[in-house]
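Chemist:
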Amino acid sequence: MHYIQFWVRDWTSDNALRMVSLEARGLWIDMICMMVRSPEYGFLLSDSGHPLTEEMLSKAVGMGEGRESVEKIKSLLGELEISGVFSRDEKMRIFSRRLIRESKARKSHRDSQKRYIEKRKTLKNDEDVMVISQEPLANNHKSSSQESLRGRVPSL
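Structure representation (structure tokens):
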């Protein structure tokens, strides 16, 4: 998946995000974009699947490779982390709680849809088997009441 649902109200009303600088919010949206394209959705990883270092992140967001740029990235990451904007897993990899939560919800919905479709296919197959196994009714069989009604002419 290479898109995200961006809810403006959620972005503007997130208190943790509101507490950080404009620069930190800019870094965070860039990080979200990287996490969407990451080999492990929702985690800030390089294309090879390794956690991004501050140096790699600095270069990736266009701040450069110099010491000052890396120090600025470290400062902005600290600001985001202290405010609780992102989380880290047991391997200390940065991830977005929201991206992970939405990914799990999509997977759950997808699995539910698959089960529903499979159930419908099974029911459809059962109906087909039942129809095939029934003997066809005689086409020219008419009840005696139908025959007697056809022979009458309505009186006026």
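Here this note's numbering is used: position 59 in the sequence shown is 49, and no number is missing along the way. Cβ coordinates follow ideal geometry from the N, Cα and C atoms, glycine included.
Rounded to whole angstroms, how far is the Cβ of L47 from the Cβ of R83, which I believe are closer than 8 Å?
Modeler: Approximately 13 Å separates the beta-carbon atoms of L47 and R83; this is outside 8 Å, ruling out the contact.
Chemist: Hey, M9 and S73 are a contact pair by Cβ (cut 8 Å); roughly how many whole angstroms apart?
Modeler: 5 Å
Chemist: Would the beta-carbon of E69 fall within 7 Å of that of A14?
Modeler: yes
Chemist: Can you round the beta-carbon distance between K64 and M53 to whole angstroms, since I take them to be within the 8 Å contact cut?
Modeler: 11 Å between Cβ atoms; not a contact.
Chemist: Just the C-alpha distance for G39 and S28, rounded to the nearest angstrom, thanks.
Modeler: 8 Å
Chemist: Sort K104, V75, D101 by Cα distance to G16 and report the nearest one.
Modeler: V75
Chemist: How is the alpha helix (DSSP H) around T43 delimited, first residue to last?
Modeler: Looking at the DSSP string, T43 is not in any alpha helix (DSSP H), and its letter there is neither H nor E.
Chemist: Do the CB positions of K49 and E55 come within less than 7 Å of each other?
Modeler: yes
Chemist: Considering only C-alpha positions, which residue in the set L89, I107, E108, Y106 is nearest to W(-3)?
Modeler: L89
Chemist: Can you tell me the Cα-Cα spacing of W1 and V51, whole angstroms?
Modeler: 20 Å
Chemist: Between V60 and E45, is the Cβ-Cβ spacing less than 7 Å?
Modeler: yes
Chemist: For a quick check, are the C-beta atoms of S93 and G32 less than 7 Å apart?
Modeler: yes
Chemist: DSSP puts I84 in a beta bridge; with which residues?
Modeler: R78
Chemist: Just how far apart, CA to CA, sit I101 and R91?
Modeler: Checking the displayed sequence, the identity of residue 101 turns out to be Asp instead of Ile. About 15 Å.
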